[in-house]
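Numbering (my numbering), first residue to last: 94 to 310. Even glycine gets a Cβ: it sits at the ideal position worked out from N, Cα and C. Quick caveat, the model's predicted, so the values are computed rather than measured.
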Amino acid sequence: MASAEAGLVLGSISAIISIIDATKKVYEAVEDDTGLPTNFKKSAMKLLLILKLLEHAEEYVNNETDESIKTAFTPTLEDCKAQAIQLQELFEKVMPEEGDSRWDRYIKAARTIGEGGRVESLVGGILGDLQLLATRFPEVTTSRGKDQLATAIEEVTNMELSLPDGFEKTPAYAHYGSGAQNVYVGGGNQYINGPGNQLNGPGNQYNGTNYIGMPMS
94 MASAEAGLVL
104 GSISAIISII
114 DATKKVYEAV
124 EDDTGLPTNF
134 KKSAMKLLLI
144 LKLLEHAEEY
154 VNNETDESIK
164 TAFTPTLEDC
174 KAQAIQLQEL
184 FEKVMPEEGD
194 SRWDRYIKAA
204 RTIGEGGRVE
214 SLVGGILGDL
224 QLLATRFPEV
234 TTSRGKDQLA
244 TAIEEVTNME
254 LSLPDGFEKT
264 PAYAHYGSGA
274 QNVYVGGGNQ
284 YINGPGNQLN
294 GPGNQYNGTN
304 YIGMPMS
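The structure is reproduced here in structure tokens:
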């Protein structure tokens with residue numbers, strides 16, 4: 094019979110498995126990935142490995158008789174669970190096809206989480222927690238599992254940042270990417286950087302339409 098401590102650890106692992114599995118299903122349900130940031134696709138490919146490693150950990154704890162080892166799992170699992178919850182929320186907010194663009198929803202959702210809110214940061218953090226367990230308790234997974242884990246961590250580490258440094262402090266109207274952005278907040282003159290005519294001063298503001306195409310003859 095599993096002790097109370099083992100029951101708590103097994104409960105934590107089971108909860109994380111459920112969260113990661115739900116996140117994986119959210120991604121798999123997407124029929125059109127247009128506008129989905131590339132790192133979401135790359136990160137989603139790591140979820141199956143995460144599930145497998147968690148199942149290995151569950152089996153290890155279930156068979157382990159040393160209660161001190163089970164207790165040592167708790168802090169790492171708590172951190173892993175917190176990041177798994179944030180990852181699930183990120184996928185649930187970004188994946189739907191309706192509403193604002195996926196990119197805009199990603200920025201808003203990541204900003205809510207804070208500095209570690211990039212999708213690759215959350216997946217990398219979960220993988221890092223699993224590597225910590227594998228380092229402290231070598232029998233928690235197989236040699237092949239450790240190799241796959243090391244490869245996955247390297248791949249996530251080498252991903253380009255999906256959001257720039259300081260994104261969590263950037264105003265909601267920040268502009269990421271190419272093209273002009275004109276944001277006017279409050280009264281007074283508005284100064285616009287860019288090519289074209291510019292009128293500074295009091296009076297009405299007229300917004301026209303830009304036509305982009307072949308020059309008219």
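Spatial distance of residue i from residue j (CA atoms)
i	j	result
residue 143	residue 113	8 Å
residue 190	residue 96	46 Å
residue 286	residue 102	Because the pLDDT at residue 286 is just 46, under 50, the model does not fix this residue reliably, and the point stays unresolved.
residue 261	residue 99	38 Å
residue 226	residue 169	8 Å
residue 240	residue 110	21 Å
residue 188	residue 117	11 Å
residue 166	residue 139	22 Å
residue 123	residue 211	20 Å
residue 137	residue 250	15 Å
residue 194	residue 154	43 Å
Endpoints, alpha helix (DSSP H) assigned at residue i
i	result
residue 152	140-156
residue 122	From DSSP, residue 122 is part of no alpha helix (DSSP H); its letter is neither H nor E.
residue 216	212-229
residue 170	160-187
residue 193	Per DSSP, residue 193 belongs to no alpha helix (DSSP H) and is neither H nor E.
Assigned secondary structure, residue i (DSSP; H/G/I helix, E/B strand, else coil)
i	result
residue 127	coil
residue 111	helix
residue 238	helix
residue 105	helix
residue 232	helix
residue 136	helix
residue 253	coil
residue 100	helix
residue 247	helix
Check: residue i C-beta below 6 Å from any heavy atom of the ligand GDP
i	result
residue 197	By its list of ligands, the structure shown contains no ligand whatsoever, and the ligand GDP lies outside what it can speak to.
Residue-chain proximity (residue i, chain D), Cβ-Cβ < 7 Å
i	result
residue 241	Of the protein chains in this structure there is only one, and it is not chain D.
Would you call the region 250-261 in contact with the region 121-132, where contact means no fewer than 3 C-beta pairs closer than 8 Å? yes
Contact the region 220-233 vs the region 157-172: 3+ CB pairs below 8 Å: yes
Say whether the region 213-221 touches the region 168-176, bearing in mind that this needs 3 or more beta-carbon pairs closer than 8 Å, one atom from each stretch. yes
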